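First comes the structure, then the notes that go with it.
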Amino acid sequence: MIAATELFAQHGYHAVGMRAIADAVGIRGSSLYHHFPSKTELLYAIAHDYNRAFIEGQLADLSPNPTHAARVRKLVYDHIIYFHEHRLEEAVGLRELQELRTNAPEHYTDIQTYRRSYQDAFERLIVEGRANGEFECDDPHLAVLAVLGMVNSVNDWYRDRGRMSIVEVADAYADITVNRILGAR
């Protein structure tokens, strides 16, 4: 799946055939079809594994933090770091999602269910933090959409040789989220 991810990220889903993927890993095309019956199934496997690993990892790591603000801070920080470390998977998973929507709606729904569970957990965290007085945020749903839009765009502009490291960016975004968007007290 690594070779397919790299090829899809570099050339786009439609420009890459199963033969090119098989050639990249040094196997025959028929062997690749033994593992993945179609290119759409391969795309789904990439998107599913990436989303599952990210979301399950993120949600499992939240509970040890004592406050909702600390949990949100960790969520935002880890989100940015994970997406940065998995840039290719993220690019393919987001850019090629429409392909699944068109050609494999059941797979698209599965991916969206994972993504929705993450968004819902994030929103619950903010609602709970608001209820216990940690946050002044008036609209938790809108706040989650704003934060996800913000953190999901980092890979669009961030360059490793820029003025800030990815760790500094993640720290700054976590601070902006907790203190500015959510109004931590």
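Using the working numbering, read the sequence shown as starting at 1 and increasing by one per residue.
Note that beta-carbon positions come from the ideal geometry of N, C-alpha and C, so glycine has one too.
Please read these numbers as outputs of a predicted model, since none were measured by experiment.
- Excluding sequence positions up to five before and after D78, its CB lies within less than 7 Å of the CB of Q58, D61, all in the same chain and listed in chain order.
- Taking C-beta separations shorter than 7 Å and ignoring five residues to either side along the sequence, the partners of E134 in its chain run T67, H68, A69, A184, R185, following chain order.
- According to the DSSP assignment, P140 belongs to the alpha helix (DSSP H) that extends over 140-152.
- Per the C-alpha coordinates, the member of G29, E6, F83 positioned closest to A53 is F83.
- For the options D156, W157, A143, the alpha carbon positioned closest to that of I176 is the one of A143.
- For M150, the CB contacts under 7 Å within the same chain, skipping 5 residues up- and downstream, are Y173 in chain order.
- With fewer than 16 other CB atoms across the displayed protein chains lying within 10 angstroms of its CB, T102 is exposed.
- Here N132 carries a coil assignment [DSSP, helix/strand/coil].
- The Cβ-Cβ distance between L97 and A47 falls below 8 Å.
- Your pair A9 and A91 checks out as a contact, with CB atoms roughly 5 Å apart and the cut at 8 Å.
- Following the DSSP letters along the chain, one finds V16 in no alpha helix (DSSP H), marked with neither H nor E.
- For the set L100, V16, I2, R19, the Cα lying nearest the Cα of T40 is the one of L100.
- For the segment 46-85, there is no continuous beta strand (DSSP E) assignment of 3+ residues that stays within its boundaries.
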